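Here the structure comes first, spelled out in structure tokens, and everything after it is commentary.
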Amino acid sequence: MDHKDLAVEARGLVKVFGDNRAVDGVDLNVRAGSIYGVLGPNGAGKTTTIRMLATLLKADAGSAKIFGYDVAKDAQIVRQLIGVTGQYASVDESLSATENLVIFSRLLGLSRAESKRKAMELLEEFGLTEAARRPLKHFSGGMRRRLDLAASLIAQPPLIFLDEPTTGLDPRTRNQMWDTIRRLVKEGSTVLLTTQYLQEADELADRIAVIDHGRVVAEGTVNDLKESIGTSSLHLSIQNEQSLSKARLIVERVLNVQSAVTAEGGKITAPMADADRVTDLLITLREAGIQLEELSVQKPTLDEVFLSITGQNTASNTQVKKEELA
Ligand SMILES: Nc1ncnc2c1ncn2[C@@H]1O[C@H](COP(=O)(O)OP(=O)(O)O)[C@@H](O)[C@H]1O
Ligand SMILES: [Mg+2]
């Protein structure tokens with residue numbers, strides 16, 4: 001691939017804080033015009049990676065180019081090509097949401113009329129129309145977050161970094177955000193977003209990198225990743241919750257995989273290379289006297305992808321430790 005086709009090209013990025021290698025040799029290739037998801041749990045190194053790519057933090061090793069421009073040597077040019085959420089944090093508290101957005105628009109060179117129109121459009125898009133004339137000091141945390149995101153989208157730069165854009169948003173606003181992200185890409189921008197939500201990466205991203213302890217542990221399309229862990233996924237719930245650990249142990253032994261238990265409903269999920277194994281599993285469960293409530297075989301979820309790559313559950317799964325099963 002020509003480097004001009006790459007919005008982001010990072011090689012061996014490293015950032016060390018004290019003796020913590022927060023980012024430990026990250027490579028990333030983000031094709032222009034795509035949505036790229038960086039997926040990982042809290043503390044994985046997502047924000048630190050973005051800050052280096054956005055020229056906000058100097059890398060200790062490695063290099064990164066944005067549309068072919070080096071983040072260290074061509075930082076000025078790079079800054080004109082990117083937008084980062086969070087950079088407009090110091091807006092004027094006494095001004096209204098509309099006034100703040102108009103000011104940013106004017107600073108970015110939009111005419112008075114354009115600025116006004118853009119502000120209205122964004123306030124509508126982020127569900128802030130009703131609060132538009134209220135001074136910022138009366139805004140809730142969620143409203144501030146939405147306004148911050150709206151402000152970062154005024155200029156619509158070629159590359160937009162969105163660091164956990166939907167964390168803490170209610171479902172309705174989250175869906176609006178997803179629509180906005182899709183629209184930005186349709187209009188020609190490239191989006192690199194970080195998320196802890198597997199569903200979000202699944203929903204939006206053309207490709208994703210799974211990052212854990214500062215390293216990329218898997219990279220590909222969502223389908224690549226799903227395929228890498230098997231073609232199907234078992235979902236199982238049992239009648240007597242007291243047998244949950246026992247049932248889980250049987251699942252793991254028969255399928256020879258790691259399983260997870262969903263937080264809501266105590267459903268056991270596990271990847272399966274071969275759907276035929278279900279027969280063996282059913283026989284073994286019956287022999288153990290475990291009565292099923294529900295069993296289905298589905299396409300794998302990204303939770304299962306993560307579990308199979310890192311051997312760890314994500315935040316949306318509760319972990320039953322091996323010791324408890326033994
Ligand atoms: N400015 C900093 N000083 C010291 N440690 C930091 C700093 N920023 C991040 N870290 C540490 O680096 C690791 C990665 O953090 P971060 O990039 O924020 O992860 P994520 O965004 O994936 O949650 C964490 O262990 C975090 O505590
Ligand atoms: Mg972060």
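With UniProt numbering, you'll find the sequence shown wraps up at 326, consecutive numbering, no jumps. Backbone N, C-alpha and C fix where the C-beta goes; we use that ideal spot for every residue, glycine too. Because the structure is a prediction, the values reported are computed rather than measured.
Report task. With DSSP collapsed to three states, give me the class of I154. Result -> Within the sequence shown, residue 154 is the residue found at index 154, counting from 1. In this structure, I154 counts as coil in the three-state DSSP scheme.
Query - Complete runs of the alpha helix (DSSP H) confined to the region 84-146 [at least 4 residues] - result: 97-107 and 112-125
Query - Cβ shell of S94 (< 6 Å), same chain only, five flanking positions each side left out - result: By one-based count along the sequence shown, residue 94 stands at place 94. The residues are P135.
Requested in this report: Express the C-alpha separation of A201 and G289 in angstroms, rounding to a whole number.
Outcome: Stepping through the sequence shown from its first residue, residue 289 is reached at position 289. Stepping through the sequence shown from its first residue, residue 201 is reached at position 201. Straight-line Cα distance between these residues: approximately 39 Å.
Requested in this report: Determine the extent of the alpha helix (DSSP H) in which N175 is found, giving its start and end residues.
Outcome: Translated into the one-based positions of the sequence shown, residue 175 becomes position 175. From DSSP, the alpha helix (DSSP H) with N175 extends over P171 to K186.
Requested in this report: Leaving out five residues on either side along the sequence, give the residues of the same chain with a beta carbon under 8 Å from the beta carbon of V185.
Outcome: By one-based count along the sequence shown, residue 185 stands at place 185. Closer than 8 Å at Cβ, skipping near neighbours: G33, S34, I35 and V191.
Query - DSSP state of S189 mapped onto helix, strand, coil - result: By one-based count along the sequence shown, residue 189 stands at place 189. It is coil, neither helix nor strand.
Query raised in the report: Quick one: what does DSSP say T47 is sitting in, helix, strand or coil?
Result: The count along the sequence shown starts at 1 and reaches residue 47 at position 47. Reduced to three states, the DSSP call for T47 is helix.
Query raised in the report: What three-state label does DSSP hand I160 in the structure shown?
Result: Locating residue 160 in the sequence shown gives position 160, where the first residue counts as 1. It is a strand residue.
Query raised in the report: Regarding A201 and ligand 1, is the C-beta to nearest heavy atom distance less than 7 Å?
Result: For the purposes of this step, residue 201 is taken as residue 201 along the sequence shown, with counting starting at 1. No, ligand 1 has no heavy atom inside 7 Å of this Cβ.
Report task. Just confirm the distance between the C-beta atoms of L39 and I211, as a whole number of angstroms; I'd bet it's less than 8 Å. Result -> Locating residue 39 in the sequence shown gives position 39, where the first residue counts as 1. Locating residue 211 in the sequence shown gives position 211, where the first residue counts as 1. About 7 Å; that satisfies the 8 Å criterion.
Query raised in the report: Shortest alpha-carbon distance to L225 belongs to which of S308, I103, G68 and L282?
Result: Against the sequence shown, residue 225 aligns to sequence position 225. Cα-wise, what sits closest to L225 is S308.
Query raised in the report: Below 8 Å, can you find three or more Cβ-Cβ pairs linking the region 61-74 to the region 4-13?
Result: yes
Report task. If I'm right that P300 touches Q196 with Cβ under 8 Å, what's the distance once you round it to whole angstroms? Result -> Numbered from its first residue, the sequence shown carries residue 300 at position 300. Numbered from its first residue, the sequence shown carries residue 196 at position 196. Rounded, the Cβ-Cβ distance is 18 Å, inconsistent with contact.
Report task. Flag this pair as yes or no: are the beta carbons of L6 and R31 separated by less than 8 Å? Result -> As a first step, residue 6 must be located in the sequence shown, where it is residue number 6. As a first step, residue 31 must be located in the sequence shown, where it is residue number 31. In this structure, R31 lies closer than 8 Å to L6 by Cβ.
Report task. Put T279 into one of helix, strand or coil per three-state DSSP. Result -> Position 279 of the sequence shown, counted from the start, is the residue given in the question as residue 279. In this structure, T279 counts as helix in the three-state DSSP scheme.
Query raised in the report: Just the Cα atoms here: how many angstroms apart are residue 334 and F126?
Result: Outside the shown range of the chain, which is 1 to 326, sits residue 334, and nothing can be said about it.
Requested in this report: My understanding is that residue 332 touches N223, with C-beta atoms under 8 Å, so please give their C-beta distance in whole angstroms.
Outcome: Only positions 1 to 326 of the chain appear in the structure, and residue 332 is not among them; the question remains open.
Query raised in the report: For S105 versus A119, is the C-beta distance shorter than 8 Å?
Result: On the sequence shown, residue 105 is found 105 positions in, with the first residue counted as 1. On the sequence shown, residue 119 is found 119 positions in, with the first residue counted as 1. Their beta carbons are under 8 Å apart, which means S105 touches A119 by this criterion.
Requested in this report: May I ask which residues mark the beginning and end of the alpha helix (DSSP H) holding N223?
Outcome: Counting from 1 along the sequence shown, the entry for residue 223 is found at position 223. Its alpha helix (DSSP H) spans residues V222 to S228.
**Report entry** Same chain, Cβ closer than 7 Å to G265, neighbours up to 5 away in sequence not counted
**Finding:** Walking along the sequence shown from the start, residue 265 turns up at place 265. Result list for G265: S237, in chain order.
**Report entry** L53 burial status per 10 Å Cβ neighbour count (16 or more: buried)
**Finding:** On the sequence shown, residue 53 is found 53 positions in, with the first residue counted as 1. So L53 counts as buried.
Query raised in the report: Going by DSSP, what residues sit across from H235 in a beta bridge?
Result: As a position in the sequence shown, residue 235 is number 235, starting the count at 1. Answer is T269 and S296, bridged to H235.
Query - Where A72 falls: helix, strand or coil (DSSP) - result: As a working mapping, residue 72 is identified with position 72 in the sequence shown. DSSP places A72 in coil when its eight states are reduced to three.
**Report entry** Whether V261 touches L234 by CB criterion (8 Å)
**Finding:** Counting from one through the sequence shown, the residue named residue 261 turns up at place 261. Counting from one through the sequence shown, the residue named residue 234 turns up at place 234. Against a cut-off of 8 Å, the Cβ pair of L234 and V261 comes out as no contact.
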